[in-house]
Every structure is written in C-alpha cells, then in structure tokens.
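Chemist: With the numbering used here applied, the sequence shown corresponds to residues -1 to 212, in that order.
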Amino acid sequence: MSTIDKKCWSAELLDAFHGLERSSDFQHCVRTFQTIPQSQFVVDARKRLRSIWYQANQLGDEDQMDKAAKYHNWVALPLRTVTVDGPPFSVPRYLHLDLGRQSQRSVVRFRLHSRALRVVSKTRSWEHHDGTCDKCGLQAIQDEKHALFLCPCTQMCSLRLSFADLFHDLHMAHKTTVNQTRAFNFSQACSEDVFNFFQNQTNDSYRFFSRAYG
C-alpha cells in the first residue's frame, strides 16, 4: 500500500524513519514484518531530536542570531551523551523550586528570549524602534548581554550591586563603578560570560532574573 498511496499509515510510518542513522534497517523491519530493535530506535530518535541544535553550535553575528541559536549558546544546559537510558536534555533547576508564580514566569521569559527586552519587541509589528536600549545612552542593542552586564542605567547597576556575588567571576578590569553607592556595570562582556551566568543555577540568580526586566 505504501508504494501506491502515500497517505496510508504504512507510508507515513516509513517516512517517519527518515533522518535516523538506521533508517533503512528500520524500514526493512517494517516491510518484512520483523520487530524493530527498541534500544537502537530510541537512541536514533534521540540523536535526531538533538540534531536540531547542531545548526546553532556556531556563534555568528550576535545581532543576527535567532532565538534557537541564542538559547542554545547562551542559556541551555549542556547536552548529555545520547544513550538508551535517558534523554540528552537536562531539566533546569528552577523548575523544581517553589519560586512563586511571578518569579518563575520572569525566569522562563528571560531564558526563552521572550520578555520585555527591546531586541525582542522590535520584531513585533506594532513596535517601531531599532532595538537599542531605552534605559541608557550607549545606543547598544538591548539584549541579554547588555541587560546583564553592560547597561549603565541606575536600575541595572543597583541590581548588580544587590547581587554582587553573581558577578565575582567576571573580569574586574572591565568593572566600572557608576556612583558613590558602588553600583556597577561592565565595559565588556562576551557570549561565554552570558553562558556562564545562566549556568549559575542558584536561588539568587533566579531572583536576579525575576527583577531584571521581569
């Protein structure tokens, strides 16, 4: 039937094997009414699921990265080795904590590149701006890196001071104190700094996210 009608169940089943390493072996099992080796199928399916992130492995121009690339390179937890015993993805710690509905919502929005930062809102049809930060005069794109480290506005500098322990691993040579309260920002930061900051899965880091552009 699959060779006659591409909409029949067998054609759809055979087509579902495309992209798997052992695709031809699984299709042969179906055609010859043999049992598909479950462990091999599970590993191949997980490899195919993981492969959607391969295209995001290489950082390009940060201003041109799409949501998937930014999530993979800046936010996502490192992928595990693909095995039959468990998925290659890790569950972020905040999903296991009772942070409160509003705080958890803010953390999720920040991690998923779906909150009030202007780099996101500039893509909405009813917004008319170029994505530059409206809280400072740097004329820089207001993305995660700018919000976390670079923005010199009083709000973000004071927030960094309140959570100073989260920033102790950054290059102190790039740290700039903006007023007598010792509130600070950084003159430089790289994608690795953003990634390391998001990997710091502490209660304080989640509180910081919930208060920063929440």
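For each residue, glycine too, the CB sits at the ideal point set by N, CA and C.
Taking Cβ to Cβ, would you say Asn194 is nearer than 8 Å to Asp167?
Modeler: Cβ atoms of Asn194 and Asp167: closer than 8 Å.
Chemist: Taking three-plus beta-carbon pairs below 8 Å as touching, is the region 179 to 191 in contact with the region 142 to 157?
Modeler: Taking 8 Å as the limit for Cβ pairs, the verdict is that the region 142 to 157 does touch the region 179 to 191.
Chemist: Per DSSP, what kind of secondary structure is Lys68 in: helix, strand or coil?
Modeler: If DSSP states are grouped into helix, strand and coil, Lys68 belongs with the helices.
Chemist: Applying the 10 Å Cβ sphere with the 16-neighbour rule, what's the burial state of Cys134?
Modeler: Cys134 is buried by the Cβ-count criterion.
Chemist: Where in the region 71 to 156 do unbroken runs of the alpha helix (DSSP H), each at least 4 residues long, occur, reported from the N-terminal end onward?
Modeler: Qualifying alpha helix (DSSP H) stretches, in chain order: 99 to 109 and 116 to 119.
Chemist: Applying the 10 Å Cβ sphere with the 16-neighbour rule, what's the burial state of Asp83?
Modeler: That one is exposed.
Chemist: Could you tell me how far apart the beta carbons of Val41 and Val89 are, in whole angstroms, since I believe they sit closer than 8 Å?
Modeler: Actually they do not touch by this definition, with Cβ atoms about 20 Å apart.
Chemist: For Met(-1), which residues from the same chain have a beta carbon less than 6 Å from its beta carbon, with the 5 sequence-adjacent residues on both sides left out?
Modeler: Confidence is the limiting factor: at Met(-1) the pLDDT is only 46, short of 50, which leaves the residue's position unreliable, though a coordinate-based value still follows. For Met(-1), where only same-chain residues beyond five positions count, the Cβ hits under 6 Å are Cys6 and Ser8.
Chemist: In the DSSP assignment, the alpha helix (DSSP H) including Asn201 goes from what residue to what residue?
Modeler: That run of the alpha helix (DSSP H) goes Asn201 to Arg209.
Chemist: Helix, strand or coil for Phe182, going by three-state DSSP, please let me know.
Modeler: DSSP places Phe182 in strand when its eight states are reduced to three.
Chemist: Taking the straight line between their C-alpha atoms, what separation do you get for Gln137 and Leu12?
Modeler: Answer to the nearest angstrom: the Cα atoms are 53 Å apart.
Chemist: Going by C-alpha to C-alpha distance, which of Cys155, Leu115 and Ser101 sits closest to Ser203?
Modeler: Checked all of Cys155, Leu115 and Ser101; the closest Cα to Ser203 is Ser101.
Chemist: In this structure, how does DSSP classify Lys45 when only helix, strand and coil are distinguished?
Modeler: Reduced to three states, the DSSP call for Lys45 is helix.
Chemist: On a Cα-Cα basis, can you pick out the residue from Gln32, Arg103, Cys27 and Val176 that is closest to Phe206?
Modeler: Of the listed residues, the one whose Cα sits closest to Phe206 is Arg103.
Chemist: Suppose contacts are defined by Cβ-Cβ distances below 8 Å. Is Cys149 in contact with Phe182 by that definition?
Modeler: No.
Chemist: Considering only DSSP beta bridges, list what Thr175 is partnered with.
Modeler: Beta-bridge pairing links Thr175 to Phe182.
Chemist: Assign Ser160 to buried or exposed, taking buried as 16 or more other Cβ atoms, counted over all protein chains shown, within 10 Å of its Cβ.
Modeler: Flag for Ser160 reads exposed.
Chemist: With DSSP collapsed to three states, give me the class of His26.
Modeler: Of the three classes helix, strand and coil, the one that applies to His26 here is helix, per DSSP.
Chemist: Evaluate contact between the region 173 to 182 and the region 44 to 52, counting only Cβ atoms and requiring at least three cross-stretch pairs below 8 Å.
Modeler: No, the region 173 to 182 is not in contact with the region 44 to 52.
Chemist: Considering only the alpha carbon of each residue, which of His111, Gln178, Gln197 and Ala210 lies closest to Arg91?
Modeler: Of the candidates His111, Gln178, Gln197 and Ala210, the one whose C-alpha sits nearest the C-alpha of Arg91 is Gln197.
Chemist: Would Cys131 pass as a contact of Arg116 if the rule is Cβ separation under 8 Å?
Modeler: A contact, by the Cβ cut-off of 8 Å.
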